[in-house]
Amino acid sequence: MVSTLTPSADMPPLPHWQLLSFDTAAHAFVFGVLAVLGTFSARRQQRWPWLHRHAFGAVFGFSVALGALVEILQMRMALGRHGEWSDLLSDALGVAAGTLLIWATRHRWQ
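Structure, rendered in structure tokens:
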């Protein structure tokens, strides 16, 4: 998550993939992991009953909102980075995949 607002001059060059861009896959993977870990943690905690009951939806919404915030900050900050709505779409697809994965395996860890 730290690399989302790292100045572009400090970023390593991206490899060129033919089928799917590395950037798209990286966004989807990172936000998928965020959704899995966030939902797992929200379901296991007992302090906030509402969050425990609504973990899947709450983490999905929070994760997509975080992706939108990152893209907006990249557009507004002078770091040489460019916010792209296609990155937000990749984030949302990763969150959806992570949410589906954790939902499908919920009987193993609950």
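Throughout the sequence shown, residue numbering follows this note's numbering, covering 1 to 110 in sequence.
Ideal placement from N, C-alpha and C gives every residue a C-beta, glycine not left out.
Given the structure is predicted, the values throughout are model-derived calculations rather than measurements.
Start-to-end residues for the alpha helix (DSSP H) that takes in S41:
F22 to R44
Closest by CA to W85, which one among V95, A97, L79 and V70?
V70
- prompt: Sorted by chain position, which residues of the same chain lie with C-beta nearer than 7 angstroms to L101's C-beta, five sequence neighbours on each side aside?
  reply: V36
Subject >> Whether V64 touches D91 by CB criterion (8 angstroms) >> reply: yes
Self-check item: Extent of the continuous alpha helix (DSSP H) run through L101
Solution: W85 to A104
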